[in-house]
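Colleague: Residue numbers (the numbering used here), protein chains in the order written: chain A, -10 to 434; chain B, 130 to 503. Here a beta-carbon is modelled for each residue, glycine too, at the ideal position from N, C-alpha and C. Treat the numbers as computed from the prediction; the structure is a model and nothing was measured.
(1) What residue range is occupied by the uninterrupted alpha helix (DSSP H) comprising residue 301(A)?
(2) In the DSSP assignment, find the alpha helix (DSSP H) that holds residue 76(A) and state where it starts and stops.
(3) List the residues of chain A that residue 271(B) touches, going by C-beta distances under 9 angstroms, in chain order.
(4) Report yes if the CB atom of residue 494(B) is closer than 8 angstroms to the CB atom of residue 137(B), and no otherwise.
(5) In whole angstroms, what separates the C-alpha of residue 374(A) from that of residue 342(A)?
(6) Bridge partners of residue 358(B), per DSSP?
(7) Determine the DSSP secondary structure at residue 332(B), reduced to helix, strand or coil.
(8) Could you tell me which chain A residues have their CB closer than 7 angstroms to the CB of residue 169(B), listed as they occur along the chain?
(9) Would you mind telling me which residues of chain A sit closer than 9 angstroms to residue 138(B), beta carbon to beta carbon, in chain order?
(10) So what's residue 98(A) in DSSP terms, helix, strand or just coil?
(11) Measure from the C-beta of residue 62(A) to each C-beta in chain B and report whether the shortest distance is under 8 angstroms.
(12) Thinking C-beta only, is residue 166(B) closer than 8 angstroms to residue 148(B)?
(13) Tell me the residue span of the beta strand (DSSP E) that contains residue 305(B).
(14) What residues match up with residue 197(A) in a beta bridge as DSSP calls it?
(15) What does residue 346(A) reach in chain B if we use C-beta pairs closer than 7 angstroms?
(16) Identify which residue in 164(B), 456(B), 396(B), 291(B) has its Cα closest to the Cα of residue 309(B).
(17) Sort out for me which residues DSSP pairs residue 318(B) with in a bridge.
(18) Counting only Cβ pairs nearer than 7 angstroms, list the residues of chain B close to residue 304(A).
(19) Would a check of beta-carbon distances place residue 333(A) closer than 8 angstroms to chain B?
(20) Quick one: residues in its chain with C-beta nearer than 7 angstroms to the C-beta of residue 225(A), no 5 flanking neighbours on either side, listed in chain order?
(21) Would you mind working out which of 291(A), 114(A), 219(A), 155(A) sits nearest residue 127(A), comparing C-alpha positions?
(22) Let's test the definition: count the other Cβ atoms within 10 Å of the Cβ of residue 426(B) and tell me whether it reaches 16, buried, or not, exposed.
(23) Could you confirm whether any beta carbon from chain B is found closer than 8 angstroms to the beta carbon of residue 278(A)?
(24) Report yes or no: is there a C-beta of chain B within less than 8 angstroms of the C-beta of residue 312(A)?
(25) Quick check: the Cα distance between residue 335(A) and residue 351(A), rounded to an integer number of angstroms?
(26) Do the CB positions of residue -7(A) and residue 61(A) come within less than 8 angstroms of each other?
(27) Would residue 443(B) pass as an interface residue toward chain A - the criterion being a Cβ-Cβ separation below 8 angstroms?
(28) Where does residue 159(A) land, buried or exposed, given buried means 16+ other C-beta within 10 angstroms?
(29) Using 8 angstroms as the threshold, is the stretch 408 to 425 of chain B in touch with the stretch 461 to 473 of chain B, meaning 3 or more CB pairs across them?
(30) Can you give the beta carbon distance from residue 489(B) to residue 463(B), rounded, assuming they're within the 8 angstroms contact cut?
(31) Does residue 285(A) come within less than 8 angstroms of chain B when only Cβ atoms are used?
(32) With DSSP run on the structure shown, which of helix, strand or coil describes residue 208(B)?
(33) Okay, do the stretch 224 to 234 of chain B and the stretch 292 to 311 of chain B touch, 3+ Cβ pairs below 8 angstroms being the bar?
(34) Closer than 6 angstroms by C-beta to residue 439(B): which residues in its own chain qualify, once you throw out the five before and the five after it? Chain order, please.
(35) Compare the Cα-Cα distances from residue 148(A) to each of 56(A), 166(A), 77(A) and report the closest residue.
(36) Determine the closest residue to residue 271(B) out of 476(B), 386(B), 424(B), 212(B), with distance taken between C-alpha atoms.
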């Protein structure tokens, strides 16, 4: 996944800055070496371990394939060092030893671009170097014996290395393990100033040689990306991982290359992929909050409506969780969800006998009829038992400054009784009068 | 904004507590222990160990366990329900409040080398159902607090729950619990200002005090008339029992002085942007209030008590060193709510740990940096 992300960055972000026409080649080689490292560090250690003498080195197994891999990946300085060492070995034929040193020198001379140099002068240097490599190659080829019995392995391998350095596509294709290697080496050794636009044609040529069955999802996605075929690229990403497709779609939207895709897809692709990602989070017991935040980032109407639906369906296991969900509703202004949740909580508390809390919830959404029903229940409990126990229930609600006729009535009635009990008859009388005057008493009381 | 160190633990951490060290003081312990409780998909108690910052290990170059981890797991045990709160009853015994309304007592063994054998370091002793609604459903036990200065064998705890009740549980006879209805809304947090007094905070925005000897009657009720809050948490000053601090659902931390029950005073510090889930006075310096919040940050608020410059200091003409201010702590690796924290009272270096919904353990060691303005 990192490979895809990195490549996307290279193609679209690093080299497309306006005004700079930088070559994609050094970044590509960097990408290749970071994401598909070769030759492996173990191999390198095995071959170069213990500072061997030239003879020991020449005898090491796998030496030549290691050197060829170094050449393909552009590790020219290491290649040069090793060849120089080898040049002193007695085990190699005289020709091989001589050419090893020559090739090592040539590798060292490989021009590397820099920011200060103009493209023109770099190209001139490159041409000169390439000439030199070609001459060396021709010379070595001449030395190779066509007699099958006396094959000088060292010389043959050296020839292959020189051919790679020359940028010969066939040799490179033959020696590479991965298709990405071929593209990298071809660009490095024959078109060092290639731009990102060159990639599609190269890719197609290389990929033709491989059967499509052998490609993994990752390979297909990378090919699509190199081809600048974004509508193909996005669905492949979503097969690999939803996080990847959501974030890539978002990035594309930000750097405004999404427009190509919009014409191809029936729905807004960014929204689609973010929604796909959210589905995985919203079902998760711990990550629902993350899912909701992603939906918030979606910033489209569809996103908001999905968020409302989800917010209403999150299981409210505890008071704290309910608080958290309500916070989210506040943050994203989800009025319907807020309303529903409070009503749901109100009903839940009512069932559990927490009448004060129930009234509190209903009052937050202005559900006066439910409040009246709860008050009726309190009143009928009082009438049934003769004990005025609803006092504390009402107190909690009154502290929030709720103005509701029934609640007001219950509280005044309670005050009336308390005044009566404590023999403050005048005060009691006044309260009774206010109850009758304001007509808040229920008719059947 | 100071940065907290983060260790991902793949659990939503909703409760944590430092365990008292062997022998009562941490001056000789190189390792400290704490317990975390988690909720959601994995409900369990985990025992951790972390190196004591008072013993800095600069000479340790050959340790074979070179990790960047802040703490290491010693053992785990599943827990029945989300862990809402953990309290330490005595050395080797702790109690938890669960979302299934039960209060459970566990024994913890940190002395024998439990690293060899993962089982057995934390074990359940007994469990009692402390909270339920009148229709029989279990109610979430939202918090738990231990009576201060109780004798070791007869420690009492008080738990509060969504059923609006407070239950008093004796650690040695948990079955004989007593439960009283104290509020019509949810009781969010509880603490003991003195051994005979209990204070609760409610979702209705009330702070109520009770006398333990007559638990049915409310001794005092305080509200903040200037705003309609809901209180999420409450805690008491370590030595002045008339000073309480509450956290609200809007991000404010209120510092109360309830010496005069008819005229309680409170001071409002708006330090957070979301519900303040937990507040506490720093055990080493009670002029600091630590709080954690839904907005994924923690705050250390320095308040100056009135009269702190009185007495000897003005006589000598010494200016007070402490000025008001707030220091905020957060981490860019932690985006979701910080649910709980505990400041270690046993070490000389300041050591603060916290747990969050992002599945992280957060830590801050020994900083005495400057405080900013509110």
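Modeller: If we stick to the structure as given:
(1) 290 to 302
(2) 65 to 76
(3) 307, 308, 309
(4) Between residue 494(B) and residue 137(B), the gap from beta carbon to beta carbon reaches 8 angstroms or more.
(5) 17 angstroms
(6) Bridge partners of residue 358(B): none, in fact.
(7) coil
(8) 274, 275
(9) Neighbours of residue 138(B) on chain A: none; closest Cβ ~12 angstroms, over 9 angstroms.
(10) coil
(11) no
(12) Not in contact: residue 148(B) and residue 166(B) (Cβ atoms no closer than 8 angstroms).
(13) It spans 302 to 310 - the beta strand (DSSP E) in which residue 305(B) sits, taken as one unbroken run.
(14) None, per the DSSP bridge assignment.
(15) 313, 314, 315
(16) The shortest Cα separation from residue 309(B) among 164(B), 456(B), 396(B), 291(B) belongs to 291(B).
(17) 330(B)
(18) Here the premise fails: no neighbours, minimum Cβ distance about 11 angstroms.
(19) No, because no Cβ of chain B sits closer than 8 angstroms to the Cβ of residue 333(A).
(20) 206, 209, 210, 213
(21) 155(A)
(22) buried
(23) yes
(24) For residue 312(A), the answer is yes, since a Cβ of chain B falls inside 8 angstroms of its Cβ.
(25) 6 angstroms
(26) no
(27) At residue 443(B) the pLDDT is 40, less than 50, meaning the model places this residue with poor confidence; the figure from the coordinates comes in the next sentence. Not closer than 8 angstroms to any Cβ of chain A, the Cβ of residue 443(B) fails to qualify, so no.
(28) exposed
(29) yes
(30) 5 angstroms
(31) At a cut-off of 8 angstroms between C-beta atoms, residue 285(A) does not count as an interface residue with respect to chain B.
(32) The three-state secondary structure of residue 208(B), taken from DSSP, is coil.
(33) yes
(34) Caution applies to residue 439(B), whose pLDDT of 37 falls short of 50 and renders its modelled position unreliable; the value that the coordinates give is listed next. Cβ within range, chain order: n/a, list empty.
(35) 56(A)
(36) 212(B)
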